[in-house]
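**Q** For reference, each letter of the sequence shown is one residue, going 0 to 653 in numbering that gives the first Met the number 0.
The beta carbon of each residue, even a glycine, is placed where N, CA and C say it ideally should be.
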Amino acid sequence: MSVAKILKITLFFPAAAEDRVLRLLYDMECVEAVTGRISEERRQKESESGSKRLEDVSSRLDSVRMAIDSISRAASAMSMPPSSGSKIRMSAGQEASLPSTFDYMDVCANVSMLSKSISEAESSALRYDIEAARLEPWKDIRAKLADLSDGSTVRFFAGQSASARAREFFAALEKYPHYPAPISDDGKTMSFGLAYPASLAGKITTAARKYGITEVPYSSSEDTPGEMLRRVLSARAAHIRRARRRREKLAHLSPRLRELKAVYDILLKQKTLLESGKMMFSTASIRYFTGWVTAAQLPKLESALGGVGVASHMAVENPSAGDDVPVALENKKPFEPFEVVTDLYGKPSYSESDPTPWVAPFFAIFFGICMADALYGLIIASAGLAGVKYLKTAYARKFMRLVLFCGVSTTIFGVLIGGYFGNLVDRFEVFSFIIPLKNKLMIFNPLENSIEFLAACLVLGFIQTMLGSFLKLAGDLKQKNFREAILSDMSIIGIQASFPLVIIGELFGAKVAPTSWLLGALGVSSAALMVNQWIVNDGIVLKLFQMFFSVYGAITGNALSDILSYSRLFALGLSTSLLAMVLNEVAALLFSSYIGIPFGILVLLLFHPFILLISSLGAYVHTSRLQYLEFFNKFFRGGGREMRPLAWVKKYTA
Numbered sequence: 000m001s002v003a004k005i006l007k008i009t010l011f012f013p014a015a016a017e018d019r020v021l022r023l024l025y026d027m028e029c030v031e032a033v034t035g036r037i038s039e040e041r042r043q044k045e046s047e048s049g050s051k052r053l054e055d056v057s058s059r060l061d062s063v064r065m066a067i068d069s070i071s072r073a074a075s076a077m078s079m080p081p082s083s084g085s086k087i088r089m090s091a092g093q094e095a096s097l098p099s100t101f102d103y104m105d106v107c108a109n110v111s112m113l114s115k116s117i118s119e120a121e122s123s124a125l126r127y128d129i130e131a132a133r134l135e136p137w138k139d140i141r142a143k144l145a146d147l148s149d150g151s152t153v154r155f156f157a158g159q160s161a162s163a164r165a166r167e168f169f170a171a172l173e174k175y176p177h178y179p180a181p182i183s184d185d186g187k188t189m190s191f192g193l194a195y196p197a198s199l200a201g202k203i204t205t206a207a208r209k210y211g212i213t214e215v216p217y218s219s220s221e222d223t224p225g226e227m228l229r230r231v232l233s234a235r236a237a238h239i240r241r242a243r244r245r246r247e248k249l250a251h252l253s254p255r256l257r258e259l260k261a262v263y264d265i266l267l268k269q270k271t272l273l274e275s276g277k278m279m280f281s282t283a284s285i286r287y288f289t290g291w292v293t294a295a296q297l298p299k300l301e302s303a304l305g306g307v308g309v310a311s312h313m314a315v316e317n318p319s320a321g322d323d324v325p326v327a328l329e330n331k332k333p334f335e336p337f338e339v340v341t342d343l344y345g346k347p348s349y350s351e352s353d354p355t356p357w358v359a360p361f362f363a364i365f366f367g368i369c370m371a372d373a374l375y376g377l378i379i380a381s382a383g384l385a386g387v388k389y390l391k392t393a394y395a396r397k398f399m400r401l402v403l404f405c406g407v408s409t410t411i412f413g414v415l416i417g418g419y420f421g422n423l424v425d426r427f428e429v430f431s432f433i434i435p436l437k438n439k440l441m442i443f444n445p446l447e448n449s450i451e452f453l454a455a456c457l458v459l460g461f462i463q464t465m466l467g468s469f470l471k472l473a474g475d476l477k478q479k480n481f482r483e484a485i486l487s488d489m490s491i492i493g494i495q496a497s498f499p500l501v502i503i504g505e506l507f508g509a510k511v512a513p514t515s516w517l518l519g520a521l522g523v524s525s526a527a528l529m530v531n532q533w534i535v536n537d538g539i540v541l542k543l544f545q546m547f548f549s550v551y552g553a554i555t556g557n558a559l560s561d562i563l564s565y566s567r568l569f570a571l572g573l574s575t576s577l578l579a580m581v582l583n584e585v586a587a588l589l590f591s592s593y594i595g596i597p598f599g600i601l602v603l604l605l606f607h608p609f610i611l612l613i614s615s616l617g618a619y620v621h622t623s624r625l626q627y628l629e630f631f632n633k634f635f636r637g638g639g640r641e642m643r644p645l646a647w648v649k650k651y652t653a
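Here's what the structure looks like:
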C-alpha cells in the first residue's frame with residue numbers, strides 16, 4: 000500500500016537475440032525504457048537494409064489500415080452488417096503463419112484499385128452536378144446555344160444576380176435599346192438573357208458590374224440548354240452507378256476484415272520491434288538496454304530471461320539522485336479503485352508516500368453520507384457491477400469498482416438513517432409491511448437530529464485534516480527534515496487540535512481538557528511556528544509579516560475553514576433526502592385521485608433517476624474536493640511521473 004520500489008536495470012545480451020529479448024520485454028509489460036531517444040551510436044551503425052525493412056513494414060501497415068477503413072466505410076454505406084467489435088483471439092501459431100498464408104497485399108491492392116475507381120467516379124459525378132446546376136435555370140430556352148452567339152451588330156448577354164438587383168439593372172438600361180428576357184426567378188435569384196446593340200457593349204458591361212450582375216459563360220452548341228442538361232444528368236447518373244457497383248464490390252470484401260485486422264496488429268508489432276531496437280545501445284556483437292522495473296516484478300523478469308534461452312546478464316541498481324524515476328502504485332485490492340481519485344490530482348513523487356490507502360475509507364464514507372439512500376445505493380452498486388463486468392479497459396473497470404464501493408457505502412448509510420427513495424416506505428401504505436424492518440435497522444434520523452448530524456460531519460473533517468497534518472509530520476521525519484517537522488508540522492498540529500477544542504469548550508461546555516492547558520498548547524505552538532518563520536524568511540519586514548500571518552493562517556485555515564468545509568457533507572446528505580421527499584409528496588398528491596395515478600407513477604419513474612443523477616454528481620464532486628483541498632494540501636506534493644512499461648499496442652487483437 001505504497002509507492003512501489005523502482006530499480007534500474009541494464010540488460011546485456013547477444014545482438015542476434017535482439018528480436019527475442021524485445022518481444023519478451025513487451026510481453027512482460029513490466030519494464031520502462033529509461034530513454035526514448037535513439038542511440039546516436041546505433042543510428043550510425045544501423046544498416047541500410049534495416050531502414051528499408053522499417054519503411055517496408057510501415058508502408059504495408061498503411062496499406063492494411065487504408066484497406067480496413069475503405070472496406071468498413073463501404074460496408075456501412077451499403078447497410079451491410081458491421082463486423083464484430085470484439086477483440087480477435089489469435090494464438091502465437093496463427094500470428095506466425097497468417098502473414099504467409101493470407102495474401103493481404105493482394106487484397107490491399109484490389110481495395111486500392113476499387114477505392115481509386117470510386118473516387119474518380121464520384122469526382123466526375125460532382126463535376127456533372129456543378130454543370131447541371133449551371134444549366135438548370137436555362138433549361139426552358141428552346142433556342143440552340145449556337146444561335147445565341149454574338150453577331151457583328153448584336154450581342155447576347157447571359158446573366159444571373161439577386162432578383163432585386165436584376166430589376167434595378169433593367170431599369171438602368173431603359174434609356175438604351177435592348178431586349179431583356181427573364182428566364183427564371185424564384186424571388187431570390189434571377190437568371191436572364193439580354194440582347195443589345197454591339198455599340199453598347201462597354202455601357203452594358205459597366206452597368207452589369209455596378210449592379211453586381213454575374214455573367215454566365217456558355218459554349219456554342221447545336222443543342223438547347225434542356226438537351227444539354229438531360230445529357231449531363233445522364234452522364235452523372237452513369238458515374239453514380241459506376242461508383243455504387245465499385246462500392247458493392249468493396250463491401251463484399253468485408254469477410255476479409257477479420258484477417259486484415261489480425262495482420263494489422265502483426266505488422267504493428269513488427270514496426271514496434273524495429274523502432275524499439277533503436278533504443279538499444281550496441282557494439283558489433285552485444286546489445287544493452289537500460290530500463291526501470293519494480294522490485295516486485297524483478298524476479299519474474301529474471302525468470303523469464305532465463306527461460307528464453309538467451310545468454311544474458313542483468314545489472315541491477317537503485318536510482319541515483321538525478322534520475323527521473325517513474326512512479327508505480329502497489330495497493331491492496333480493496334484500495335486499488337481509489338487510485339482513480341489520486342490519479343486525477345496527480346501521482347505522488349517517488350520520494351513520498353501514496354495517499355490512496357488514507358483516501359479510500361474517507362472517500363467511501365463521505366460519498367455514502369452525501370447520498371444516504373439505500374435504494375439509490377443499490378442502483379449505483381448495480382451500475383458499478385455492470386461496468387466491472389462489461390467494460391473492456393482496465394482503467395474503466397477500476398473506475399466502476401470505485402462506483403461499486405460508493406454504491407455499497409450509500410446503501411449502508413441509507414439503511415442506517417432509513418432512507419429508501421427518501422421517505423417512500425413511510426409515505427405510501429403499499430410499503431407499510433417494510434416499516435418494522437426499516438425502523439429496526441435505522442439508528443439515526445438526520446432530519447430530526449440535524450445538529451448532531453452536522454457535528455458528526457465536522458468531527459470527521461477534524462479527524463481527516465488532523466491525519467493530513469500527521470502525514471506531513473511523518474513525511475518530514477522520513478526525509479530527516481527535523482526543523483520543519485518540529486517547528487512547523489508539530490506547531491500546526493498543536494494549533495489545529497487546541498483551537499477548536501477551546502472554542503467547543505467555551506461555547507458548548509464540552510471540555511475535553513482544562514482550558515488553561517489548551518491555551519498553553521495554543522500559545523506554545525504559535526510561538527514555535529513564529530520562530531520557524533523567523534528562521535526560514537529573509538529580511539526583517541518579511542520575517543515579521545510571516546511570523547504573524549502563519550499563525551493567522553493556521554488558525555483560520557487549518558483549525559477553522561478546513562474543518563467547516565466538511566459541513567457540505569451535512570448539506571448534501573439532507574438535500575438528497577429532502578428532494579426525494581418532496582418528489583414523493585408530489586406523487587402522493589397525484590395518487591389521491593384515480594386520474595392522477597398514472598401521472599404519479601410517471602413522476603416517480605422520471606424524477607427519482609434525475610435526483611439520483613444530480614445527487615451522485617454532487618456527491619462525487621464535493622467528496623473529491625474535500626480530498627484535494629482539505630486533505631491533500633496538508634501533506635501531498637504530487638508531481639510524479641507515471642510508469643509506462645513497454646507494452647504491445649493492439650488495436651484489434653487480444
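#1: Near valine 106, what residues of its chain come up, given a Cβ to Cβ distance below 6 Å and the 5 sequence neighbours on each side ignored?
#2: Under 7 Å Cβ to Cβ from aspartate 18, same chain only, skipping five residues before and after it: list those, please.
#3: Helix, strand or coil, according to DSSP, for tyrosine 651 in the structure here?
#4: Within 10 Å of its beta-carbon, does threonine 652 have 16 or more other beta-carbons around it, so buried, or fewer, so exposed?
#5: Applying the criterion that 16 or more other CB atoms from any shown protein chain within 10 Å of the CB defines a buried residue, is glycine 421 buried or exposed?
#6: Applying the 10 Å Cβ sphere with the 16-neighbour rule, what's the burial state of arginine 245?
#7: Any contact between the stretch 413-430 and the stretch 366-377? By contact I mean 3 or more CB pairs, one from each, below 8 Å.
#8: Can you tell me which of the three DSSP states serine 75 falls into?
#9: Take leucine 568 as the anchor and find which of Glu451, Ile594, Glu641 has the nearest alpha-carbon.
#10: Note down, in chain order, each residue of its chain lying with its Cβ closer than 8 Å to the Cβ of alanine 120, except the 5 sequence neighbours on either side.
#11: Decide yes or no for the touch test of the stretch 4-17 against the stretch 276-285: beta carbon pairs closer than 8 Å, at least 3 of them.
#12: Going by DSSP, what residue range makes up the beta strand (DSSP E) through aspartate 184?
#13: Is the stretch 345-362 touching the stretch 19-27 in the sense that three or more CB pairs, one from each, lie closer than 8 Å?
#14: Based on the DSSP secondary-structure assignment, which residues constitute the bridge partners of lysine 346?
#15: State yes or no: is the C-beta of isoleucine 379 within less than 8 Å of the C-beta of valine 358?
#16: Alpha carbons only, please: which of Gln269, Ala91, Pro354, Ile596 is nearest the one belonging to serine 58?
#17: Considering only the alpha carbon of each residue, which of Leu266, Gly418, Ser431, Lys187 lies closest to leucine 577?
#18: Going by alpha carbons, who is nearest to lysine 143 out of Glu221, His621, Pro597, Ser497?
#19: Note down, in chain order, each residue of its chain lying with its Cβ closer than 7 Å to the Cβ of serine 123, except the 5 sequence neighbours on either side.
#20: Please classify valine 429 as buried or exposed, where buried requires at least 16 other C-beta atoms within 10 Å of its C-beta.
#21: By the 10 Å Cβ neighbour count, where 16 or more other Cβ atoms means buried, how is lysine 650 classified, buried or exposed?
#22: In three-state terms, what does DSSP make of glutamate 329?
#23: Short check: CB of isoleucine 562 to CB of threonine 464, under 8 Å?
#24: Quick one: using the 10 Å Cβ neighbour count with 16 as the cut-off for buried, is phenylalanine 168 buried or exposed?
#25: Among Asp425, Thr293, Val523, which residue has its Cα nearest to the Cα of valine 315?
#26: Which residue from Leu588, Ile554, Val63, Leu459 puts its Cα closest to that of leucine 266?
#27: On the DSSP bridge assignment, give the partners of glutamine 478 in chain order.
#28: Are leucine 328 and cysteine 29 touching if we call contact CB-CB under 8 Å?
#29: Going by CA-CA distance only, name the one from Ala261, Asp537, Ser549 that's closest to alanine 527.
#30: In three-state terms, what does DSSP make of tyrosine 175?
#31: Just how far apart, CA to CA, sit lysine 51 and serine 302?
#32: Just to check my reading of the structure: leucine 97 and glutamate 258 have Cβ atoms closer than 8 Å, yes? What is that Cβ distance to the nearest angstrom?
#33: Pick out the complete alpha helix (DSSP H) segments inside the stretch 225-293, 4 residues or longer, and give them in chain order.
#34: By the 10 Å Cβ neighbour count, where 16 or more other Cβ atoms means buried, how is glutamate 214 classified, buried or exposed?
#35: Taking the Cβ atom as the reference point for each residue, do leucine 571 and histidine 607 lie within a distance shorter than 8 Å?
#36: How long is the line joining the alpha carbons of tyrosine 175 and methionine 77, rounded to whole angstroms?
**A** The structure says:
#1: Position 107 of the sequence shown holds residue 106. The answer, listed in chain order, is Arg255.
#2: Looking up residue 18 in the sequence shown gives position 19. Once the five neighbours on either side are set aside, the close Cβ partners of aspartate 18 are Leu272.
#3: Residue 651 sits at position 652 when you count from the first residue of the sequence shown. Here tyrosine 651 sits in coil by DSSP.
#4: The sequence position of residue 652 within the sequence shown is 653, counting from 1. With 16 or more Cβ atoms within 10 Å of its Cβ, threonine 652 is classed as buried.
#5: The sequence position of residue 421 within the sequence shown is 422, counting from 1. Answer is buried; the Cβ neighbour count reaches 16.
#6: Walking along the sequence shown from the start, residue 245 turns up at place 246. With 16 or more other Cβ atoms within 10 Å, it is buried.
#7: yes
#8: As a first step, residue 75 must be located in the sequence shown, where it is residue number 76. Helix.
#9: Position 569 of the sequence shown, counted from the start, is the residue given in the question as residue 568. Per the Cα distances, Glu451.
#10: Walking along the sequence shown from the start, residue 120 turns up at place 121. Contacts found: His238, Ile239, Arg241, Ala242, Arg245.
#11: yes
#12: For this step, residue 184 is matched to residue 185 along the sequence shown. 178-184 is the span of the beta strand (DSSP E), which, as asked, contains aspartate 184.
#13: no
#14: Here residue 346 refers to the residue found at position 347 when the sequence shown is read from its first residue. Gly639, per the DSSP bridge assignment.
#15: On the sequence shown, position 380 is the one that residue 379 refers to. On the sequence shown, position 359 is the one that residue 358 refers to. No, they are not a contact pair.
#16: By 1-based counting over the sequence shown, the position of residue 58 is 59. Minimum Cα distance to serine 58 is reached at Gln269.
#17: Position 578 of the sequence shown, counted from the first residue, corresponds to residue 577. Checking every option, the nearest Cα to that of leucine 577 belongs to Gly418.
#18: As a working mapping, residue 143 is identified with position 144 in the sequence shown. Ranking the options by Cα distance to lysine 143, first place goes to Glu221.
#19: One-based indexing of the sequence shown puts residue 123 at position 124. The residues are His238.
#20: What you label residue 429 is simply residue 430 of the sequence shown in a count that begins at 1. When all chains shown are included, valine 429 counts as exposed.
#21: On the sequence shown, residue 650 is found 651 positions in, with the first residue counted as 1. That one is exposed.
#22: Working through the sequence shown from its first residue, we reach residue 329 at position 330. Strand.
#23: On the sequence shown, position 563 is the one that residue 562 refers to. On the sequence shown, position 465 is the one that residue 464 refers to. Yes, the Cβ-Cβ distance between isoleucine 562 and threonine 464 is below 8 Å.
#24: By 1-based counting over the sequence shown, the position of residue 168 is 169. Buried, by the Cβ-count rule.
#25: On the sequence shown, residue 315 is found 316 positions in, with the first residue counted as 1. The candidate whose alpha carbon is nearest that of valine 315 is Thr293.
#26: Numbered from 1 along the sequence shown, position 267 holds the residue referred to as residue 266. Of Leu588, Ile554, Val63, Leu459, the residue nearest in Cα terms is Val63.
#27: Taking the first residue of the sequence shown as position 1, residue 478 is located at position 479. Answer is none; glutamine 478 lacks a bridge partner.
#28: Counting from 1 along the sequence shown, the entry for residue 328 is found at position 329. Counting from 1 along the sequence shown, the entry for residue 29 is found at position 30. Result no, Cβ atoms of leucine 328 and cysteine 29 do not sit closer than 8 Å.
#29: The sequence position of residue 527 within the sequence shown is 528, counting from 1. For alanine 527, the nearest C-alpha among the options comes from Ser549.
#30: Along the sequence shown, one-based indexing puts residue 175 at 176. In this structure, tyrosine 175 counts as coil in the three-state DSSP scheme.
#31: Here residue 51 refers to the residue found at position 52 of the sequence shown. Here residue 302 refers to the residue found at position 303 of the sequence shown. So the two alpha carbons sit approximately 35 Å from each other.
#32: As a position in the sequence shown, residue 97 is number 98, starting the count at 1. As a position in the sequence shown, residue 258 is number 259, starting the count at 1. With 8 Å as the limit, leucine 97 and glutamate 258 qualify as a contact, their Cβ atoms being about 7 Å apart.
#33: 256-275
#34: Your numbering for residue 214 matches position 215 in the sequence shown. Exposed: under 16 other Cβ atoms inside 10 Å.
#35: Indexing the sequence shown from 1 puts residue 571 at position 572. Indexing the sequence shown from 1 puts residue 607 at position 608. No.
#36: The residue labelled residue 175 in the question sits at position 176 within the sequence shown. The residue labelled residue 77 in the question sits at position 78 within the sequence shown. Approximately 59 Å between the Cα atoms of the pair.
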